[in-house]
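Participant: Residue numbers for the sequence shown follow my numbering, so the first one is 12 and each next one is one higher.
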Amino acid sequence: MPKLPAAPRLTVPPAIDPLNVFPISWPKSPQITYDLFELAKAQAWDPEALPWDTLRDAKLSADERLGIGYWFSVLGIFDAAAPPVFAHALIEMFRHKEEDGVRKCFSTILRDELNHEEICRKATMACLPGNPYGPLEWTPNTGLEKLAFNNIQWAYHNGARYWDGYVKAFDKYPFAVMFTSFLMGEVAATTLFNEMGKAGRIPVFKEAFQRVSRDESRHARMALYLTKRTFPNLPQEQKEFVTKQLRAGFIFLSLILFKPFPGKFWELPDTFVDAHDVLQQAAQSGGLGVLPLKEREAAWRNAMLKVKKTVEDYGIAFPAMPEVGLSGQEVAEEDLETIVPVF
Ligand SMILES: [Fe+2]
Ligand SMILES: [Fe+2]
Numbered sequence: 012m013p014k015l016p017a018a019p020r021l022t023v024p025p026a027i028d029p030l031n032v033f034p035i036s037w038p039k040s041p042q043i044t045y046d047l048f049e050l051a052k053a054q055a056w057d058p059e060a061l062p063w064d065t066l067r068d069a070k071l072s073a074d075e076r077l078g079i080g081y082w083f084s085v086l087g088i089f090d091a092a093a094p095p096v097f098a099h100a101l102i103e104m105f106r107h108k109e110e111d112g113v114r115k116c117f118s119t120i121l122r123d124e125l126n127h128e129e130i131c132r133k134a135t136m137a138c139l140p141g142n143p144y145g146p147l148e149w150t151p152n153t154g155l156e157k158l159a160f161n162n163i164q165w166a167y168h169n170g171a172r173y174w175d176g177y178v179k180a181f182d183k184y185p186f187a188v189m190f191t192s193f194l195m196g197e198v199a200a201t202t203l204f205n206e207m208g209k210a211g212r213i214p215v216f217k218e219a220f221q222r223v224s225r226d227e228s229r230h231a232r233m234a235l236y237l238t239k240r241t242f243p244n245l246p247q248e249q250k251e252f253v254t255k256q257l258r259a260g261f262i263f264l265s266l267i268l269f270k271p272f273p274g275k276f277w278e279l280p281d282t283f284v285d286a287h288d289v290l291q292q293a294a295q296s297g298g299l300g301v302l303p304l305k306e307r308e309a310a311w312r313n314a315m316l317k318v319k320k321t322v323e324d325y326g327i328a329f330p331a332m333p334e335v336g337l338s339g340q341e342v343a344e345e346d347l348e349t350i351v352p353v354f
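1) Would you list the one or two residues that DSSP bridges to W277?
2) Heavy atom of ligand 1 less than 7 angstroms from the Cβ of H230, yes or no?
3) Given the structure, does D226 come close to ligand 2, in the sense that its CB is under 7 angstroms from one of the ligand's heavy atoms?
4) Going by beta-carbon coordinates alone, are P10 and E129 separated by less than 8 angstroms?
5) What are the start and end residues of the alpha helix (DSSP H) that includes Q291?
6) State the start and end residues of the unbroken alpha helix (DSSP H) segment that holds E308.
7) What would DSSP say about Q42, mapped onto helix, strand or coil?
8) If you follow the alpha helix (DSSP H) that S224 is in, where does it begin and where does it stop?
9) Residues in its own chain within less than 7 angstroms of L268 by CB, not counting five upstream and five downstream?
10) Cα-Cα, which of T153, D175, L147, E156 is closest to Q164?
11) What is the residue span of the alpha helix (DSSP H) that D123 lies within?
12) Count the other CB atoms within 10 Å of the CB of G80; is the residue buried (16 or more) or exposed (fewer)?
13) Short of 6 angstroms in beta carbon distance, which residues of its chain neighbour N313, apart from the five on each side in sequence? Order them along the chain.
14) Does DSSP classify L30 as helix, strand or coil?
15) Report the start-end ranges of each beta strand (DSSP E) in the segment 42–111 that is 3 residues or longer and not cut off at the edges.
16) Identify every residue that forms a DSSP beta bridge with L337.
17) If you reduce the DSSP assignment to three classes, tell me which class Y144 lands in.
18) Tell me which same chain residues have a C-beta within less than 6 angstroms of the C-beta of R76, skipping the five on either side of it?
19) Is any heavy atom of ligand 1 found at a distance shorter than 7 angstroms from the C-beta of I88?
20) Which residue from Q340, A294, I327 puts its Cα closest to that of P83?
21) Express the C-alpha separation of A331 and K317 in angstroms, rounding to a whole number.
22) Examine the Cβ distances between the segment 220–230 and the segment 251–261 and report whether three or more of them are shorter than 8 angstroms.
23) Assign A180 to one of three DSSP states: helix, strand, or coil.
24) Could you say which of P243, G300, P333 lies nearest to A210 if we only look at CA atoms?
25) Quick check on DSSP: helix, strand or coil for M12?
26) For a test of your reading of the model: does the CB of A93 fall under 7 angstroms from any non-hydrogen atom of ligand 2? Yes or no.
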C-alpha cells in the first residue's frame, strides 16, 4: 500500500473545451421537466403488443393495402426520421449544458420516436407488396404501384435534404428557436393522430394512433416549456428566424398533415399530387382513418392558431399562411430551406 503525503502537491488537469459533454452535472431544473419525464415513463408502450393480426386479417383490396403502405411510407419522412433528429439534439444538449430535466425529457422523446418509427416499419412491411424491409425495397408492377414507388422516391429525396441544414443550424440558434416548428408539428400531430384514432376502422392503427397522439401531446408540452423559457429574451434577428421557421415548417409538414405544396421547398414531379390523392383515398377507404381534406385543413389551421398566439405573445411575427386562410408576414421562398420540423 503506497503511503500518501499529508500535504500533497497536486497538478491541475488542462482546461476542458466548454462544448465537451464534460463536466457532467445535474443542477435541479424546473419541476415541470421532471413531471414530464415521470409521465413519459408511466405512459411507455410497446408497438409489439398492439393487435397486428387485425391488419393481417383486415379485408382490404390490393389498392387499399398499397394506399396504407404508401401513407406510412410518407409518414416515415417525419416520424421515422425523428430518432436521429432527437438523438443529435440530445448530444448537443449535453454539449451546451442544457438543463438536466430537459435532457431527460429529450431522451424520452427519442425513445417515443423509436416507437413511432417502429409503427411505420411494421405498417409498411405488412402493406407494401412483397412485405419489404423498407418503403423503397420492393418492385412495383401495376400502374398504381409504380406511381406509389415514384412518389416515395421523391418524398424521400426531399426528406434527405433537410438533414444538413438541421445539423448546421445548431451552431447558429438556440434550441427553442430551432424547435419552434417542432412545437407546431407536435401540436398538429397530437390533433391529427387523435382524430385518426377515432376515425379509423382497423384496430391496430386506432390503438397506435391513440398512443402516438398521447406521446405527441407530451412532446408539445416540452416544446412549449422551451419556448416560454427562451422567447422573452430573444434577439430580434432570432425572432425573424422563428417567423421563417414557422413558414418552412408549415410547408414541410403540410405534405402529411394537410396536402402537398409542390414548388415551395418540395421538389416533386408533375405526377405526384394526383397519385398522392388517389393513394391517400385508397388508404381512407381501407379504414386507416385519414381525415377528409376539409377536416385536415381545419385541424392544421387550429394548430397554427395555437402556435400563432404563443409566438405573438413574445413579439414574434407570425408568417402568412394563405393556404389555410391565415394572414401574416410574407416569407420569401428561398427562406424555406431552413427547416427543422419533425414530430
Ligand atoms: Fe413528437
Ligand atoms: Fe412522433
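Beta carbons: idealized from backbone N, C-alpha and C, even for Gly.
Here the structure is a predicted model, which is why all the values come from computation and not from measurement.
Facilitator: From the atom records:
1) The beta-bridge partner set that DSSP reports for W277 consists of P273.
2) At a threshold of 7 angstroms, H230 counts as near ligand 1, since its beta carbon sits closer than that to one of the ligand's heavy atoms.
3) For ligand 2, at least one heavy atom lies less than 7 angstroms from the Cβ of D226.
4) Any question about residue 10 goes unanswered here, given that the chain covers just 12 to 354.
5) Taken as a continuous stretch (DSSP letters only), the alpha helix (DSSP H) holding Q291 covers 283–296.
6) Membership of E308 in the alpha helix (DSSP H) is indicated by the continuous run 304–323.
7) In the structure shown, Q42 adopts helical secondary structure according to DSSP, grouped into three states.
8) Looking at the DSSP string, the run of the alpha helix (DSSP H) that includes S224 is 214–241.
9) Only A199, L203, R307, W311 meet the Cβ criterion.
10) Of T153, D175, L147, E156, the residue nearest in Cα terms is L147.
11) For D123, the enclosing alpha helix (DSSP H) starts and ends at 111–138.
12) Buried: at least 16 other Cβ atoms inside 10 Å.
13) Leaving aside the five residues that flank N313 on each side, none in its chain has a CB nearer than 6 angstroms to its CB.
14) Under the three-state reduction of DSSP, L30 is assigned to coil, being neither helix nor strand.
15) Fully enclosed beta strand (DSSP E) runs of 3 or longer: not present.
16) According to DSSP, L337 shares a beta bridge with M332.
17) Reduced to three states, the DSSP call for Y144 is coil.
18) Here the set comprises C138.
19) Not under cutoff, so the answer is no.
20) Note that residue 83 is Phe in the sequence shown, not Pro. Selected option, being the one with the closest Cα: A294.
21) Cα-Cα distance, rounded: 15 angstroms.
22) Not touching, per the Cβ criterion.
23) In this structure, A180 counts as helix in the three-state DSSP scheme.
24) The residue among P243, G300, P333 with its C-alpha nearest the C-alpha of A210 is G300.
25) In the structure shown, M12 sits in coil (DSSP, three-state: anything other than H, G, I, E or B).
26) Yes.
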